[in-house]
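J.: Quick one: this structure, given as structure tokens, is what I'll be asking you about.
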Amino acid sequence: MFLMGESLVNNFISLGADEPEEINGNHKESAIASSCSQQSNISSLLAETRDDNVNTTERLNQGFMQYGCSHYRRRCQIRASCCNEIFYCCHCHNEAKNNIIIEGKLRHDLPRHEVQQVICSLCGTEQEQVGQVCVNCGVYMGKYFCKTCIFYDDDTSRSQYHCNGCGICRIGGHEIFFHCYKCGCCYSVHLKNSHPCVEGAMHPDCLVCFDYLFESRNDITVMPCGHTIHTNCLKEMRQHLQYAYPICSKYVCDICPRCRRSLRWKLPQHQCLNHITIKRFGFCAMTVEQPQKFSFMWWLRNA
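This is the structure:
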């Protein structure tokens, strides 16, 4: 009898000892299942986030390079504070409001820093605050955006950058330009230690077309004398036999000493020391039959 009771007790103890193992096994299985569920939830959240990012990117880039004017590609228009009319950019406004067909007293320009109202080109929403993204449809109104200049541009291949010295945006990349504080504008780094400084060289109007050089979008040439002029205007001067800058009367190209001494006299055709065939027609007129080189000139362009 004692042996049988001892055997039953031992069996009961052994059965009781097996129960925690079963319970621990159940906990492990539930923990594994919970971990798999969490991983599945994380994966689904990541997938949803990726989808949201894709949708956000698509929404931001909607209409990219499809809107704009002849000056800039942008997905917004500006309301001019001076006349309350809508234009794509300040240049569009100035061309429309400051030309010879407008009565003199009504002609005016729009300073770019005075723009305060912007209208989305996709949804037509007028923005309460100037920003890069439309508050209604959520698109980029310009891939490049400068809050200081209120400047938008989708064409970022021009490497726009804001120059604090100039106070406006330039193109070409800040790596290859530097700001000369005496001349008052950005020049190519090739001119950093070689250009003659002329105070405010970029701030007068072009002497040929009378366009304001500092904010002009046309190519500008820095001449050996330090003065500036539109590149196309310089070519036009050459076509009209003008080879000296009107302000300082310095030559804008290489001319040999013999030619310089004889510029004011009517001389027969001869061969210049620089291998350029020229003719004298009295005073300062000169015809160049072979193209001259302007290797020491550099050009820059504004945004």
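Numbering (full-length UniProt numbering), first residue to last: 1 to 303.
C-beta: ideal position from N, C-alpha, C; glycine also.
(1) Compute the Euclidean distance between the alpha carbons of Ile102 and Glu175, then round it to the nearest angstrom.
(2) Within 10 Å of its beta-carbon, does Asn193 have 16 or more other beta-carbons around it, so buried, or fewer, so exposed?
(3) Do the CB positions of Cys90 and Arg112 come within less than 8 Å of each other?
(4) Which residues bound the alpha helix (DSSP H) around Cys92?
(5) Less than 8 Å between the CB atoms is what I'm expecting for Cys225 and Met202, so what's the real figure, rounded?
(6) From Gln66 to Leu106, what distance separates their C-alpha atoms?
(7) Among Lys147, Asn232, Tyr161, Gly142, whose alpha-carbon lies nearest the alpha-carbon of Asp153?
(8) Cβ atoms of His230 and Cys209: under 8 Å apart, would you say?
(9) Whole angstroms is fine: what's the gap from Arg170's alpha carbon to Gln242's?
(10) Which value, in whole angstroms, describes the spacing of the CA atoms of Glu199 and Ser188?
(11) Do you know how far the Cα of Ala244 is from the Cα of Ser157?
(12) Buried or exposed: Ser121, going by 16 or more other Cβ atoms within 10 Å of its Cβ?
(13) With burial defined as no fewer than 16 other Cβ atoms inside 10 Å of the residue's Cβ, what is the status of Gly68: buried or exposed?
(14) According to DSSP, simplified to helix, strand and coil, what is Arg238?
(15) Starting from Arg74, trace the beta strand (DSSP E) both ways and give me its first and last residue.
(16) Does Gly124 come out as helix, strand or coil in the three-state DSSP assignment?
(17) Could you pull the DSSP bridge partners for Tyr179 from this structure?
(18) If you reduce the DSSP assignment to three classes, tell me which class Gly68 lands in.
(19) Could you tell me how far apart the beta carbons of Tyr144 and Leu60 are, in whole angstroms, since I believe they sit closer than 8 Å?
(20) Can you check which of these residues, Phe151, Glu114, Cys123, is closest to Gly131 by C-alpha distance?
T.: According to the data block:
(1) Position 102 of the sequence shown holds residue 102. Position 175 of the sequence shown holds residue 175. Roughly 42 Å separates the two Cα atoms.
(2) Counting from 1 along the sequence shown, the entry for residue 193 is found at position 193. That one is exposed.
(3) Residue 90 sits at position 90 when you count from the first residue of the sequence shown. Residue 112 sits at position 112 when you count from the first residue of the sequence shown. For Cys90 and Arg112, yes; Cβs fall inside 8 Å.
(4) Numbered from 1 along the sequence shown, position 92 holds the residue referred to as residue 92. It spans 90-97 - the alpha helix (DSSP H) in which Cys92 sits, taken as one unbroken run.
(5) Taking the sequence shown and counting its residues from 1, the one referred to as residue 225 is at position 225. Taking the sequence shown and counting its residues from 1, the one referred to as residue 202 is at position 202. Going by Cβ atoms, the distance from Cys225 to Met202 rounds to 14 Å, so no, they are not a contact pair.
(6) As a first step, residue 66 must be located in the sequence shown, where it is residue number 66. As a first step, residue 106 must be located in the sequence shown, where it is residue number 106. Their Cα atoms are separated by approximately 33 Å.
(7) The sequence position of residue 153 within the sequence shown is 153, counting from 1. Taking only the C-alpha atoms, the option nearest Asp153 is Gly142.
(8) If you number the sequence shown from 1, residue 209 lands on position 209. If you number the sequence shown from 1, residue 230 lands on position 230. Against a cut-off of 8 Å, the Cβ pair of His230 and Cys209 comes out as a contact.
(9) Within the sequence shown, the letter at position 170 stands for residue 170. Within the sequence shown, the letter at position 242 stands for residue 242. Here the alpha carbon of Arg170 sits roughly 30 Å from the alpha carbon of Gln242.
(10) The residue given as residue 199 occupies position 199 in the sequence shown. The residue given as residue 188 occupies position 188 in the sequence shown. C-alpha separation (whole angstroms): 17 Å.
(11) For the purposes of this step, residue 157 is taken as the residue at position 157 of the sequence shown. For the purposes of this step, residue 244 is taken as the residue at position 244 of the sequence shown. Answer to the nearest angstrom: the Cα atoms are 36 Å apart.
(12) Against the sequence shown, residue 121 aligns to sequence position 121. Counting other Cβ atoms within 10 Å of its Cβ, Ser121 reaches 16 or more and is therefore classed as buried.
(13) As a first step, residue 68 is located in the sequence shown; it is residue number 68 there, counting from the start. Note on Gly68: 16 or more other CB atoms within 10 angstroms of its CB, so buried under the neighbour-count rule.
(14) Translated into the one-based positions of the sequence shown, residue 238 becomes position 238. Arg238: helix per DSSP, three-state reduction.
(15) Taking the sequence shown and counting its residues from 1, the one referred to as residue 74 is at position 74. Note, Arg74: premise wrong, no beta strand (DSSP E); not H, not E.
(16) The residue labelled residue 124 in the question sits at position 124 within the sequence shown. If DSSP states are grouped into helix, strand and coil, Gly124 belongs with coil.
(17) Numbered from its first residue, the sequence shown carries residue 179 at position 179. The sequence given here has His at residue 179, not Tyr. By DSSP's assignment, His179 forms a beta bridge with Cys186.
(18) The residue you call residue 68 lines up with position 68 of the sequence shown. Of the three classes helix, strand and coil, the one that applies to Gly68 here is strand, per DSSP.
(19) The residue labelled residue 144 in the question sits at position 144 within the sequence shown. The residue labelled residue 60 in the question sits at position 60 within the sequence shown. That pair is no contact at about 13 Å.
(20) Within the sequence shown, residue 131 is the residue found at index 131, counting from 1. Per the Cα distances, Phe151.
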